[in-house]
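Asker:
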Amino acid sequence: MSTFHLYNSYTRQKEQFESITPGYAGLYVCGPTVSGESHLGHARPYITFDVVQRYLKHLGYRVRYVRNITDAGHFEEEGREAIDKVGEKAKLEKLEPMEMVHKYTSLFHYGMRLFNCEEPAIEPTATGHIIEQITMIQTIIEKGYAYEVNGSVYFDVPKYAANYPYGKLSGRILEDQLETTRELDGQDEKRNKADFALWKSAPPEHIQRWNSPWGEGFPGWHIECSAMSSKYLGETFDIHGGGMDLQFPHHESEIAQSTIAHGHPPVRYWMHNNMITINGKKMGKSYNNVIKLSELFSGNHPILEQAYHPMVVRFYILQTHYRSTLDFGNEALQGSERAFRRLWEAYELLQKLPSGDHAQAADATLDKQVNDWISEFADFMNDDLNTAKVLANMFELAPVINGIKGGQIASNALSADTMNLLKSSFKTYLVDVLGMQPLQAEQSGKLESVLSLLIEIRKDAKKRKDFATSDQIRNQLAAAGISLKDEKDGTVSFSIE
RNA sequence: GGUCGGAUGGCCGAGUGGCUAGGCACAGCUCUGCAAAAGCUGCUACAGCGGUUCGAAUCCGCUUUCGACCUCCA
Numbered sequence: 059m060s061t062f063h064l065y066n067s068y069t070r071q072k073e074q075f076e077s078i079t080p081g082y083a084g085l086y087v088c089g090p091t092v093s094g095e096s097h098l099g100h101a102r103p104y105i106t107f108d109v110v111q112r113y114l115k116h117l118g119y120r121v122r123y124v125r126n127i128t129d130a131g132h133f134e135e136e137g138r139e140a141i142d143k144v145g146e147k148a149k150l151e152k153l154e155p156m157e158m159v160h161k162y163t164s165l166f167h168y169g170m171r172l173f174n175c176e177e178p179a180i181e182p183t184a185t186g187h188i189i190e191q192i193t194m195i196q197t198i199i200e201k202g203y204a205y206e207v208n209g210s211v212y213f214d215v216p217k218y219a220a221n222y223p224y225g226k227l228s229g230r231i232l233e234d235q236l237e238t239t240r241e242l243d244g245q246d247e248k249r250n251k252a253d254f255a256l257w258k259s260a261p262p263e264h265i266q267r268w269n270s271p272w273g274e275g276f277p278g279w280h281i282e283c284s285a286m287s288s289k290y291l292g293e294t295f296d297i298h299g300g301g302m303d304l305q306f307p308h309h310e311s312e313i314a315q316s317t318i319a320h321g322h323p324p325v326r327y328w329m330h331n332n333m334i335t336i337n338g339k340k341m342g343k344s345y346n347n348v349i350k351l352s353e354l355f356s357g358n359h360p361i362l363e364q365a366y367h368p369m370v371v372r373f374y375i376l377q378t379h380y381r382s383t384l385d386f387g388n389e390a391l392q393g394s395e396r397a398f399r400r401l402w403e404a405y406e407l408l409q410k411l412p413s414g415d416h417a418q419a420a421d422a423t424l425d426k427q428v429n430d431w432i433s434e435f436a437d438f439m440n441d442d443l444n445t446a447k448v449l450a451n452m453f454e455l456a457p458v459i460n461g462i463k464g465g466q467i468a469s470n471a472l473s474a475d476t477m478n479l480l481k482s483s484f485k486t487y488l489v490d491v492l493g494m495q496p497l498q499a500e501q502s503g504k505l506e507s508v509l510s511l512l513i514e515i516r517k518d519a520k521k522r523k524d525f526a527t528s529d530q531i532r533n534q535l536a537a538a539g540i541s542l543k544d545e546k547d548g549t550v551s552f553s554i555e
C-alpha cells in the first residue's frame, strides 16, 4: 500500500490514515497501573505503539504521543465492595500510595528504556488530573447523562445507548449485557446494571481520597483517560491505542463519556494489540502465570529456561503481527535470539561494505530483486504495520549482504545506488522504525586492545602450525563468553556475549 | 450462558482464490588446520467433513477444538 493504512477496531476494517491536522498526529495509549511490577504482557502494547509513533515520525508527522500512568485505584463496578486497588496493596506492603506508585513507575520506565521504547511526549498521571476529571463529570451531569447517589456518580448507560451507538467498539449489545445478570451486593445504588462509576464515594478506610462536589471520594477508572486525552490531544484526536482487553468496558466507556461531555466521539482510529499467551493462556494475575520484566531479563522464573535480552523480546514481538495472539515459549524465544543475532550481524556488515562506484549492476536481476525487497518495507508498514513481513524481507536481504562479503556474490553485482539505498533503508527500518539495538553495548576499548593482543599471538601460533596454542586461546576465550571467528580474508573478528 | 476471534510443516509464525513468506531446528555440500560463521541445496504445511469454483489452505456451511471478552487486567 502506498499510504499508511491501519485497522480501525471501531469500524473493523483497514482505513487510510489521515490526521486531523495535516502534518501532526496525536496518539494516546493507555498506560500501566502502577500498583505492581510491569510484566511481559506490558511489553506488547508499548513496543507496538512505540513502533506506531516511530513510523508516524518517519512519515513526517510531528507526533504528540501521550501515555498515562494510572496511579489512582481502579475498582469494581457492579456494586462490589469498592476497593481502591492502590490503597489496598499499599497497606499490604506498608507503603504510602505515592511511594509505591513511584517505585513501580520507576521500574516501568526502566523496562521501557531497556526495550528502547522512546519516551512519550506527555505522561500524565491520574492523580495529577483530579480537577479535570471532576470538571468533566460535572459536565456529564449537566447534560443529563449521569446521576449522583450517596456521594457517588454513575453514568446512565441505557439513556446513552438510546441515543448513541453504545457497544459498537466492543461489538456488544446493551440488552445482552443486562441479561448476564449476576446477583451482587450493593447494586442498589446504580439505576441500571450497565451503569459505570464516574466518581466513587470513599469509605473511611480508603487511603486515596479527594474533595469533590459530591463529598470525599475518588475518580472512576474510565474517566481519567477521557479527561487527560482531551486535555492534551483535543476533544477529537487521531489514534487511541491499547490492549484488546481494554476494549470493554474501558474504551467503550471512554467513548460514551467523551461523546456526552464534548458532543462528538473522541477518537478517529482505535487500535488494539492482541494478548501474549503462555502455554495458550492469557497472562494475568488471576492465572498465576505472570512473568515480570525483571524475571524475564534475569531468567529467574520457573517457566524460563534462560534469561532473555530485552532486544530479543522486542524482536520476538515484532516478528508477529500486533493483532495476532503471541504464544510465549522458550524454544521460540531462543530461535528469535539466534535469528536476531544473525540479522544484526548482517546489518553491521552491510554498513561496512563499500558501495563501489559502478553505476551499472553486474547482476541486473539481483539488483532489481533487492530494490523490490527494499521498496516493500514501506508497503508492509503501510499495510497495518506488518512488521513481520518487513523482517522477513530483511532476512531475504541478509544472504545477499553476507554473500557479497563472503565472495559468493560479486562485489559489483549491485549498482552503487542500490548499495547505498540498501544501507540507508536497512538502517531506517531496522533501527529508526522498528527501534532495534545491538545486543551488546559498545566496548570500552581496553578489552579490545587486550583481545587484539591475544589475536596476534594466536595468528603467530597458527603460522607456526602450533594449533594447540591457537585452539587454547580460542577455547578459553569461548569459555569466557568471547567467540573468535577466522574470516576468509585472514582477519579475525570477535563477539562478546 | 452471551459475544467475538483462532486452528498453518518438529517449533514460532506471515499471508493469499491459482504463482514454494520468513525465522529457528534438522540433513547434505562448499569454504576451513580444526571450529564457528557464512553461502548453496533439501525438508512444501494449512483441524475434520461437506459445498461453491476450471481451481480453495484461502469463500460458504457444519463438526471438533482452543482462546479472548462479558469482572481488575496490556
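Using the working numbering, you'd call the opening residue of the first sequence number 59 and step up by one each time.
For every residue, glycine included, the Cβ atom is placed at its ideal position computed from N, Cα and C.
Computed from a predicted structure; not experimentally measured.
How many angstroms separate the CA atom of S259 from the CA atom of Q191?
Answerer: As a first step, residue 259 is located in the first sequence; it is residue number 201 there, counting from the start. As a first step, residue 191 is located in the first sequence; it is residue number 133 there, counting from the start. For S259 and Q191, the distance between alpha carbons rounds to 15 Å.
Asker: Nearest-angstrom Cα distance between I188 and W268?
Answerer: Position 130 of the first sequence holds residue 188. Position 210 of the first sequence holds residue 268. About 8 Å.
Asker: Mind reading off the beta-carbon distance from I336 to I361? Whole number of angstroms is fine, and I expect it under 8 Å.
Answerer: Reading the first sequence from its first residue, position 278 is the one you call residue 336. Reading the first sequence from its first residue, position 303 is the one you call residue 361. Correct: roughly 7 Å between the Cβ atoms.
Asker: Check each candidate in E200, R249 and V491 and name the one with the smallest Cα separation from V215.
Answerer: Start at 1 with the first residue of the first sequence, and residue 215 comes out as number 157. Ranking E200, R249 and V491 by Cα distance to V215 puts R249 first.
Asker: Please report the straight-line C-alpha distance between R138 and P307, rounded to a whole angstrom.
Answerer: Position 80 of the first sequence, counted from the start, is the residue given in the question as residue 138. Position 249 of the first sequence, counted from the start, is the residue given in the question as residue 307. Here the model assigns R138 a pLDDT of 31, short of 50, so the residue's position is not dependable, and the following value carries that caveat. Roughly 16 Å separates the two Cα atoms.
Asker: Out of I459, A450 and T61, state which residue places its alpha-carbon closest to the alpha-carbon of Q74.
Answerer: Position 16 of the first sequence, counting from 1, holds the residue named residue 74. For Q74, the nearest C-alpha among the options comes from T61.
Asker: Note the first and the last residue of the continuous alpha helix (DSSP H) segment covering Y290.
Answerer: Sequence index remark: in the first sequence, residue 290 carries index 232 (1-based). W279 to L291 is the extent of the alpha helix (DSSP H) around Y290.
Asker: Would you check if the distance between the CB atom of S442 and the CB atom of H63 is smaller than 8 Å?
Answerer: One-based indexing of the first sequence puts residue 442 at position 384. One-based indexing of the first sequence puts residue 63 at position 5. Here residue 442 is Asp; the residue named in the question, Ser, does not match the sequence. Yes, they are a contact pair.
Asker: Which same chain residues end up closer than 6 Å to V491 when comparing Cβ atoms and leaving out the 5 residues on each side of it in sequence?
Answerer: Here residue 491 refers to the residue found at position 433 when the first sequence is read from its first residue. So the qualifying residues of the chain are R112, Y113 and H116.
Asker: Would you decide whether Y82 is buried or exposed? Buried here means 16 or more other CB atoms lie within 10 Å of its CB.
Answerer: Locating residue 82 in the first sequence gives position 24, where the first residue counts as 1. Per the 10 Å Cβ criterion, exposed.
Asker: Buried or exposed for L455, please, with buried defined as at least 16 other CB atoms from any protein chain shown within 10 angstroms of its CB.
Answerer: As a working note, residue 455 is residue 397 in the first sequence. The residue in question, L455, is buried, as its Cβ has 16 or more Cβ neighbours within 10 Å.
Asker: Quick check: the region 410-422 against the region 376-383, are at least 3 beta-carbon pairs closer than 8 Å?
Answerer: They do not touch, by the three-pair rule.
Asker: With distance defined between alpha-carbon atoms, name the residue in M452, A285, R399 and M494 nearest to E176.
Answerer: By one-based count along the first sequence, residue 176 stands at place 118. Residue M494 is the option with its Cα nearest to E176.
Asker: Within the continuous alpha helix (DSSP H) that includes G84, where are the two ends?
Answerer: Your numbering for residue 84 matches position 26 in the first sequence. From DSSP, G84 is part of no alpha helix (DSSP H) but of the beta strand (DSSP E) over Y82 to V87.
Asker: Let's see if you can read the secondary structure: which residues bound the alpha helix (DSSP H) around E434?
Answerer: As a position in the first sequence, residue 434 is number 376, starting the count at 1. It spans A422 to N440 - the alpha helix (DSSP H) in which E434 sits, taken as one unbroken run.
Asker: Just list the residues that DSSP pairs G300 with in beta bridges.
Answerer: The sequence position of residue 300 within the first sequence is 242, counting from 1. Bridge partners of G300: H330.
Asker: Assess contact between the region 428-445 and the region 513-527, defined as three or more Cβ pairs (one per stretch) separated by less than 8 Å. Is contact present?
Answerer: Judged by Cβ distances under 8 Å, the region 428-445 makes no contact with the region 513-527, as fewer than three pairs qualify.
Asker: For L511, tell me which candidate among R396, F484 and F552 has the shortest Cα-Cα distance.
Answerer: Residue numbering aside, residue 511 sits at position 453 when the first sequence is read from its first letter. Nearest option by C-alpha distance: F552.
Asker: What would DSSP say about G275, mapped onto helix, strand or coil?
Answerer: Taking the first sequence and counting its residues from 1, the one referred to as residue 275 is at position 217. The answer is strand: DSSP assigns G275 an E or B state.
Asker: Taking the alpha-carbon positions, what's the A450 to F398 distance?
Answerer: As a first step, residue 450 is located in the first sequence; it is residue number 392 there, counting from the start. As a first step, residue 398 is located in the first sequence; it is residue number 340 there, counting from the start. So the alpha carbons of these two residues sit roughly 12 Å apart.
Asker: Using C-beta distances below 6 Å, list every residue in its chain close to T106, excluding the 5 sequence neighbours before and after it, in chain order.
Answerer: The residue given as residue 106 occupies position 48 in the first sequence. Cβ within range, chain order: N331 and Y380.
Asker: The alpha helix (DSSP H) with H309 in it runs from where to where?
Answerer: Numbered from 1 along the first sequence, position 251 holds the residue referred to as residue 309. Per DSSP, H309 belongs to no alpha helix (DSSP H) and is neither H nor E.
Asker: Answer yes if the region 475-483 comes into contact with the region 412-431, meaning at least three C-beta pairs across the two stretches below 8 Å, and no otherwise.
Answerer: Contact holds: three or more Cβ-Cβ distances are below 8 Å.
Asker: Between which two residues does the beta strand (DSSP E) holding H63 run?
Answerer: Looking up residue 63 in the first sequence gives position 5. Per DSSP, H63 belongs to the beta strand (DSSP E) from H63 to N66.
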